[in-house]
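Okay, structure first, notes after.
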Amino acid sequence: MLPIVQNLITVGESIDFNTASNEEIVSAYSEILPPNAEELMGLRKKLQRIKLTLSKTPNMGWSQFGSLMGREFQESLYKSET
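In structure tokens:
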């Protein structure tokens, strides 16, 4: 299992994404990133898009947050962003 998936499961068990504030969700996503996050391709762009989405969608549910993280990070396994 990818580290980001393991981290996503761990955070999902510790925070209620249905009632969490945006600040709590932003804090949670930083815990989800794997230890080598700086080495992931296009990380800065991904984080900017995640923050933008979180600011536009207050109190998104767990499934929405998981989809957002998955959408942003699955492509980094296959290609580089410029």
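Position one of the sequence shown corresponds to residue -15 (our numbering), numbered consecutively onward.
Glycine included, every Cβ here is placed at the ideal spot set by N, Cα and C.
Here the structure is a predicted model, which means the values were calculated and not measured.
Alpha-carbon spacing of residue i relative to residue j, whole angstroms
{"i": "Ala4", "j": "Ser11", "result": "10 Å"}
{"i": "Ile85", "j": "Glu56", "result": "What the structure shows of the chain is the stretch from -15 to 66, and residue 85 is not part of that stretch, so it cannot be assessed."}
{"i": "Ser14", "j": "Glu7", "result": "11 Å"}
{"i": "Thr(-6)", "j": "Lys40", "result": "25 Å"}
{"i": "Asn43", "j": "Glu(-3)", "result": "16 Å"}
{"i": "Ile9", "j": "Ser51", "result": "14 Å"}
{"i": "Ile16", "j": "Ile(-1)", "result": "12 Å"}
{"i": "Asn2", "j": "Gln58", "result": "24 Å"}
{"i": "Phe49", "j": "Leu38", "result": "9 Å"}
Option in the options with minimal Cα separation from residue i
{"i": "Lys36", "options": "Met53, Ser47 and Asn2", "result": "Here the sequence assigns Leu to residue 36, which means Lys is not the residue at that position. When only C-alpha atoms are compared, the closest one is Met53."}
Taking three-plus beta-carbon pairs below 8 Å as touching, is the stretch 25 to 39 in contact with the stretch -13 to -4?
-> no
Every unbroken alpha helix (DSSP H) within the stretch -9 to 54, with a cutoff of 4 residues, ordered by chain = 6 to 16 and 27 to 40
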